[in-house]
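Residue numbers (our numbering), protein chains in the order written: chain A, 17 to 127; chain B, 13 to 127.
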Amino acid sequence: GEDVEQSLFLSVREGDSSVINCTYTDSSSTYLYWYKQEPGAGLQLLTYIFSNMDMKQDQRLTVLLNKKDKHLSLRIADTQTGDSAIYFCAERRSSASKIIFGSGTRLSIRP
Amino acid sequence: DTEVTQTPKHLVMGMTNKKSLKCEQHMGHRAMYWYKQKAKKPPELMFVYSYEKLSINESVPSRFSPECPNSSLLNLHLHALQPEDSALYLCASSQRPIGQDYEQYFGPGTRLTVT
Chain A
17 GEDVEQSLFL SVREGDSSVI NCTYTDSSST YLYWYKQEPG AGLQLLTYIF
67 SNMDMKQDQR LTVLLNKKDK HLSLRIADTQ TGDSAIYFCA ERRSSASKII
117 FGSGTRLSIR P
Chain B
13 DTEVTQTPKH LVMGMTNKKS LKCEQHMGHR AMYWYKQKAK KPPELMFVYS
63 YEKLSINESV PSRFSPECPN SSLLNLHLHA LQPEDSALYL CASSQRPIGQ
113 DYEQYFGPGT RLTVT
């Protein structure tokens, strides 16, 4: 099927690490993306990973890709209140000129 | 300039009205997209323009009519909408429609309410 799956909610304490997980379905996916959406706003591309990589780090963000299990994760180190948002993972399949979004994970930060 | 702009930010229209949503980018991107996003849902692709030609129409009702007058502009013409068409309409662009330069950059969206 076309589903890209994510858990709906995650709550973390300020300063802790957040780990948002995603599973996708198509082993031929070439690029996997993480987008952030703040309330009432569009989507902001945070980072992406090419399917021949297993890790990518960019400042506080670490993306891990397990291609065998079709599992993608986004780790946000030292989570801040400004990280509160919905995080969408998305896959781009090699055969398609479109991307498939997951349902989004709402990240909330508690003091 | 690394942004996608959309106007208006908010739009309220009746079911008999005709209105248009506008999207603009000056990044030299040659692919542009319209998405519809309902509350608490992911964006759903509606249309893709590739080099100013419509390349994907995701079976969108004809009351939505896209137009790409040039490589920087994308319009979505609306006519005889239904209340269930109320949503956030997002425009996006990418440098190329396929290949490595595919990352999509989104505008802030137009929040549409159909009464």
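Yeah, the Cβ is synthetic: ideal placement off N, Cα and C, and Gly gets one too.
The beta carbon of residue 60 of chain B sits closer than 8 Å to some beta carbon of chain A. Residue 120 of chain B has its alpha-carbon roughly 15 Å from the corresponding atom of residue 85 of chain B. Residue 78 of chain B: member of the beta strand (DSSP E) spanning 76-82, first to last residue.
Partner residues in the beta bridge of residue 32 of chain B, as assigned by DSSP, are B:89. Sequence-distant partners of residue 60 of chain A (beyond 5 residues in either direction) whose C-beta falls short of 6 Å from its own C-beta, in its chain, are 52. Here DSSP, grouped into helix, strand and coil, assigns residue 85 of chain A to coil. In the DSSP assignment, residue 25 of chain B falls within the unbroken beta strand (DSSP E) covering 22-25. Contact between the region 71-83 of chain A and the region 16-32 of chain B is absent: fewer than three C-beta pairs spanning the two stretches fall below 8 Å. At least one CB atom of chain A sits nearer than 8 Å to the CB of residue 55 of chain B. Taking 8 Å as the cut-off, the Cβ atoms of residue 23 of chain B and residue 124 of chain B count as close.
Between residue 32 of chain A and residue 122 of chain B, the alpha-carbon positions lie close to 34 Å from each other. Between residue 101 of chain B and chain A, the shortest Cβ-Cβ separation is not below 8 Å.
Contact annotation: in the region 50-64 of chain A, residues whose CB is within less than 9 Å of a CB in chain B are 51, 53, 56, 57, 58, 59, 60, 61, 64. Per DSSP, residue 97 of chain B has no beta bridge partner at all. Beta bridge pairing from DSSP links residue 52 of chain A with A:60, A:103. Residue contact with chain A for residue 76 of chain B: absent (no Cβ-Cβ distance below 8 Å to any residue of chain A). Only 112, 114, 115, 116, 117, 118, 119, 120, 121, 123 from the region 112-126 of chain B bring a Cβ to less than 9 Å from some Cβ of chain A. Residues of chain B whose Cβ lies closer than 8 Å to the Cβ of residue 103 of chain A do not exist, since the nearest Cβ in that chain is about 11 Å away.
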